[in-house]
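**Q** From first to last, the protein sequence lines stand for chains X and R. Under the working numbering, the first residue of the first sequence carries the number 1, and numbering increases by one thereafter. Under the working numbering, the first residue of the second sequence carries the number 1001, and numbering increases by one thereafter. Glycine included, C-beta positions come from ideal geometry on N, C-alpha and C.
Protein chains: 2
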Amino acid sequence: MKQQGILAVVSGFSGAGKGTIMKALLEKYDNYALSISATTRKPREGEVHGREYFFLTVDEFETLIANDQLIEHARYVNNYYGTPRSYVEEKMAEGKDVILEIEIQGALKVKEKFPETLLVFVVPPTAEDLKNRLVGRGTETMEVIEDRMNRAIEEAEVMDSYDYILVNETVEKAVEDLHNLIQSQHMKAENNEARIKQMKEELHAIVGK
Amino acid sequence: MKQQGILAVVSGFSGAGKGTIMKALLEKYDNYALSISATTRKPREGEVHGREYFFLTVDEFETLIANDQLIEHARYVNNYYGTPRSYVEEKMAEGKDVILEIEIQGALKVKEKFPETLLVFVVPPTAEDLKNRLVGRGTETMEVIEDRMNRAIEEAEVMDSYDYILVNETVEKAVEDLHNLIQSQHMKAENNEARIKQMKEELHAIVGK
Chain X
1 MKQQGILAVV SGFSGAGKGT IMKALLEKYD NYALSISATT RKPREGEVHG
51 REYFFLTVDE FETLIANDQL IEHARYVNNY YGTPRSYVEE KMAEGKDVIL
101 EIEIQGALKV KEKFPETLLV FVVPPTAEDL KNRLVGRGTE TMEVIEDRMN
151 RAIEEAEVMD SYDYILVNET VEKAVEDLHN LIQSQHMKAE NNEARIKQMK
201 EELHAIVGK
Chain R
1001 MKQQGILAVV SGFSGAGKGT IMKALLEKYD NYALSISATT RKPREGEVHG
1051 REYFFLTVDE FETLIANDQL IEHARYVNNY YGTPRSYVEE KMAEGKDVIL
1101 EIEIQGALKV KEKFPETLLV FVVPPTAEDL KNRLVGRGTE TMEVIEDRMN
1151 RAIEEAEVMD SYDYILVNET VEKAVEDLHN LIQSQHMKAE NNEARIKQMK
1201 EELHAIVGK
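#1: Starting from Tyr80/X and walking both ways along the beta strand (DSSP E), at which residues does that stretch end?
#2: Going by other Cβ atoms of all chains shown within 10 Å of its Cβ, with 16 needed for buried, is Gly1017/R buried or exposed?
#3: Does any residue of chain R have a CB that is nearer than 7 Å to the CB of Ser14/X?
#4: Taking Cβ to Cβ, would you say Met1092/R is nearer than 7 Å to Gln1004/R?
#5: Taking three-plus beta-carbon pairs below 8 Å as touching, is the segment 1036 to 1052 of chain R in contact with the segment 1129 to 1142 of chain R?
#6: Determine the contact status of Ala1189/R and Ile1021/R, defining contact as a CB-CB distance below 7 Å.
#7: Hey, out of Glu176/X, Met187/X, Asn191/X, whose CA is closest to Met1187/R's CA?
#8: Comparing alpha-carbon positions, which option in Ile71/X, Glu154/X, Thr40/X, Glu193/X lies nearest Val9/X?
#9: With distance defined between alpha-carbon atoms, name the residue in Glu101/X, Asn192/X, Glu143/X nearest to Val1167/R.
#10: Starting from His1073/R, follow its DSSP beta bridges and name the residues at the other end.
#11: Across which residues does DSSP place Glu1169/R in a beta bridge pair?
#12: Following the continuous beta strand (DSSP E) through Ile99/X, name the residue where it begins and the one where it ends.
#13: With a Cβ-Cβ cutoff of 7 Å, do Leu1118/R and Gln1185/R count as a contact?
#14: If we ignore side chains and look at the alpha-carbon of each, how far apart do Arg217/X and Tyr80/X end up?
#15: Take Val207/X as the anchor and find which of His1204/R, Phe1054/R, Val1158/R, Glu1143/R has the nearest alpha-carbon.
#16: What span of residues does the beta strand (DSSP E) with Leu56/X cover, start to end?
#17: If you measure beta-carbon to beta-carbon, which residues of the segment 1165 to 1189 of chain R are closer than 8 Å to chain X?
#18: Please name the residue in Glu1047/R, Tyr1053/R, Gly1082/R, Pro1043/R whose C-alpha comes closest to that of Glu1062/R.
#19: Got a sec, what are the start and stop residues for the alpha helix (DSSP H) Gly136/X sits in?
#20: So is Ala194/X buried or exposed if we call it buried at 16+ other beta carbons inside 10 Å?
#21: Can you tell me the Cα-Cα spacing of Ile6/X and Arg151/X, whole angstroms?
#22: If you follow the alpha helix (DSSP H) that Val144/X is part of, which residue opens it and which one closes it?
#23: Going by other Cβ atoms of all chains shown within 10 Å of its Cβ, with 16 needed for buried, is Tyr32/X buried or exposed?
#24: Going along the chain, which residues of its own chain have a beta-carbon closer than 8 Å to the beta-carbon of Lys28/X, five neighbours each way excluded?
#25: Using a beta-carbon distance below 7 Å, is Asp160/X in contact with chain R?
#26: Give me the chain R residues within the contact set of Ile153/X, using Cβ-Cβ distance strictly less than 7 Å, ordered along the chain.
#27: Determine the direct distance from the alpha carbon of Leu1134/R to that of Val1077/R, and round the result to whole angstroms.
#28: Residues of chain X with CB closer than 9 Å to the CB of Lys1200/R, please, in chain order.
#29: Measure from the alpha carbon of Thr229/X to the alpha carbon of each residue in Gln69/X, Leu108/X, Pro124/X, Leu181/X, then state which is nearest.
#30: Whose Cβ in chain X lies nearer than 8 Å to the Cβ of Ile1196/R?
#31: Can you name the residues of chain X whose CB is closer than 8 Å to the CB of Asn1150/R?
#32: Check this for me: beta carbons of Ala996/R and Gly1106/R, under 7 Å apart or not?
#33: Throw me the rounded Cβ distance for the Phe1013/R and Glu1155/R pair, which I believe falls under 8 Å.
#34: Output yes if chain R places a C-beta closer than 7 Å to the C-beta of Asn31/X; else output no.
#35: DSSP three-state label for His1186/R, please.
#36: Measure the C-alpha to C-alpha separation of Leu203/X and Gly19/X and round it to an integer number of angstroms.
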């Protein structure tokens, strides 16, 4: 009675530690598949096609849209971003729990299309931690940091449309919390319809004897 | 930012192993409080007032009903059974996760009153296991076993109105699954409204500086 995988969307403030949590989760457990987004933006230094993103031309991307081969897509700053449908569906059918690490706008679209999607929003323990992490990276200008903080304010307005809030106190704890959360979705009644049906049939067969 | 406790109702087929799981869960973790039901039936050999049940007179029980001091109550075979409200509310306010081990009828009433209640239904891996466990106890007559199996058939019809299905393969795994399930409820957005509000205020304060 192999169950289909869970579809989980993980979003969160820039600097909340999503990327680190995802990396540690995938290293620790082998039941997850991380969906890779497609984009028309140019690869940055060190980015690899099929690892960070599938880097596509506008034509290629628009063909995916036309053929309904994206679960969700959006435009940011003149570039397309989207989630290819085939990878997600294949992995879920294999029983893998698929994680999409996408923006709020895309997350809400996925939830609309697939209401059983688990939406998780990652936050640092406090807003001060968020600022400290962005400053601590040492790679961002003050202008970028302010921009991120302003975006966090906007994102905070919709964070309660997510199902669950993951507080990133330590990476280890956040990984365990996220793993336990996703795994407990397998216990949902609607994910156990085959088992429930079989149980009913077995009970009838035994009592009918 | 101390959170209120979770209210979880655990039901399941007679012989599915609920009692053993509850006992092991409460021994292993100290964040749970098991609610004790009130009843007007007479105590059986070895049962202690305040441990298995609060044994009340019909008058006492009807006073609780009249004063809205029960979360749910029902009559079975001329006896009242019910869940005292004060214990549940006090423990939840203390931050304890409260577990009610009650029948389906009561469980659905609690869910109606408190929609955020987590309903968990415990099943053995197969119906054959259920029969074997009932037979294996060695304390039940064949008539009682048949009665329990017939009741399982009735209960199986409503088990999909529960939120989660807990398959009791081993007690150790069932305890961990139940613990992880209940603990992940603390991450629900609606259980983190205070945190979300505080995060918004902190972000505004930092950016406003």
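**A** The short version:
#1: Position 80 of the first sequence, counted from the start, is the residue given in the question as residue 80/X. Taken as a continuous stretch (DSSP letters only), the beta strand (DSSP E) holding Tyr80/X covers 79 to 84.
#2: Here residue 1017/R is taken as the residue at index 17 of the second sequence, counted from 1. Buried, by the Cβ-count rule.
#3: Translated into the one-based positions of the first sequence, residue 14/X becomes position 14. Taking Cβ atoms only, chain R never reaches closer than 7 Å to Ser14/X, which makes this a no.
#4: Translated into the one-based positions of the second sequence, residue 1092/R becomes position 92. Translated into the one-based positions of the second sequence, residue 1004/R becomes position 4. Yes, they are a contact pair.
#5: no
#6: Walking along the second sequence from the start, residue 1189/R turns up at place 189. Walking along the second sequence from the start, residue 1021/R turns up at place 21. Going by C-beta atoms, Ala1189/R is not nearer than 7 Å to Ile1021/R.
#7: In the second sequence, counting from the first residue as 1, residue 1187/R sits at position 187. Among Glu176/X, Met187/X, Asn191/X, the Cα nearest to that of Met1187/R belongs to Glu176/X.
#8: Along the first sequence, read from residue 1 onward, the residue named residue 9/X stands at position 9. Taking only the C-alpha atoms, the option nearest Val9/X is Ile71/X.
#9: Taking the second sequence and counting its residues from 1, one reaches residue 1167/R at position 167. Looking at Glu101/X, Asn192/X, Glu143/X, the one whose alpha-carbon comes closest to that of Val1167/R is Asn192/X.
#10: The residue given as residue 1073/R occupies position 73 in the second sequence. Answer is Gly1082/R, bridged to His1073/R.
#11: What you label residue 1169/R is simply residue 169 of the second sequence in a count that begins at 1. According to DSSP, which records beta bridges pairwise, Glu1169/R is partnered with nothing at all.
#12: In the first sequence, the residue the question calls residue 99/X occupies position 99. Ile99/X: member of the beta strand (DSSP E) spanning 97 to 100, first to last residue.
#13: Position 118 of the second sequence, counting from 1, holds the residue named residue 1118/R. Position 185 of the second sequence, counting from 1, holds the residue named residue 1185/R. Taking 7 Å as the Cβ cut-off, Leu1118/R and Gln1185/R qualify as a contacting pair.
#14: This structure leaves residue 217/X out entirely; chain X is present only between 1 and 209.
#15: Within the first sequence, residue 207/X is the residue found at index 207, counting from 1. Measuring from the Cα of Val207/X, the nearest candidate turns out to be Glu1143/R.
#16: In the first sequence, residue 56/X corresponds to position 56, counting from 1. Here Leu56/X belongs to no beta strand (DSSP E), and DSSP marks it neither H nor E.
#17: Of all residues in the segment 1165 to 1189 of chain R, only Ile1165, Leu1166, Val1167, Asp1177, Asn1180, Leu1181, Gln1183, Ser1184, Met1187, Lys1188, Ala1189 come within less than 8 Å of chain X when Cβ atoms are compared, listed by chain position.
#18: The residue given as residue 1062/R occupies position 62 in the second sequence. It is Gly1082/R whose Cα lies nearest to the Cα of Glu1062/R.
#19: Numbered from 1 along the first sequence, position 136 holds the residue referred to as residue 136/X. Looking at the DSSP string, the run of the alpha helix (DSSP H) that includes Gly136/X is 127 to 136.
#20: The count along the first sequence starts at 1 and reaches residue 194/X at position 194. With fewer than 16 other Cβ atoms within 10 Å, it is exposed.
#21: Indexing the first sequence from 1 puts residue 6/X at position 6. Indexing the first sequence from 1 puts residue 151/X at position 151. Each residue's alpha carbon lies about 29 Å from the other.
#22: As a working mapping, residue 144/X is identified with position 144 in the first sequence. Val144/X -> alpha helix (DSSP H) spans 142 to 156.
#23: Residue numbering aside, residue 32/X sits at position 32 when the first sequence is read from its first letter. Buried.
#24: To locate residue 28/X, count along the first sequence from 1; it is residue 28. Excluding sequence neighbours, Lys28/X sits near Val175, His179.
#25: In the first sequence, residue 160/X corresponds to position 160, counting from 1. Answer yes: the Cβ-Cβ gap between Asp160/X and chain R drops below 7 Å somewhere.
#26: For the purposes of this step, residue 153/X is identified with residue 153 of the first sequence, where counting begins at 1. Those within 7 Å of Ile153/X in chain R are Leu1203, His1204, Val1207.
#27: Counted from its first residue, the second sequence places residue 1077/R at position 77. Counted from its first residue, the second sequence places residue 1134/R at position 134. Cα to Cα, Val1077/R sits roughly 22 Å from Leu1134/R.
#28: Working through the second sequence from its first residue, we reach residue 1200/R at position 200. Residues of chain X passing the Cβ test: Ala127, Ile153, Ala156, Glu157, Met159.
#29: Absent from the structure is residue 229/X, since the part of chain X shown begins at 1 and ends at 209.
#30: Locating residue 1196/R in the second sequence gives position 196, counting from the first residue. Ala156, Met159, Asp160, Ile165, listed in chain order.
#31: To locate residue 1150/R, count along the second sequence from 1; it is residue 150. Going along chain X in sequence order, the residues near Asn1150/R (Cβ under 8 Å) are Val207.
#32: Residue 996/R lies beyond the stretch modelled for chain R, which goes from 1001 to 1209, so this question has no answer here.
#33: Position 13 of the second sequence, counted from the start, is the residue given in the question as residue 1013/R. Position 155 of the second sequence, counted from the start, is the residue given in the question as residue 1155/R. That pair is a contact at about 6 Å.
#34: Position 31 of the first sequence, counted from the start, is the residue given in the question as residue 31/X. Interface with chain R (7 Å Cβ-Cβ cutoff): Asn31/X is excluded.
#35: Along the second sequence, read from residue 1 onward, the residue named residue 1186/R stands at position 186. Coil.
#36: Along the first sequence, read from residue 1 onward, the residue named residue 203/X stands at position 203. Along the first sequence, read from residue 1 onward, the residue named residue 19/X stands at position 19. Cα to Cα, Leu203/X sits roughly 47 Å from Gly19/X.
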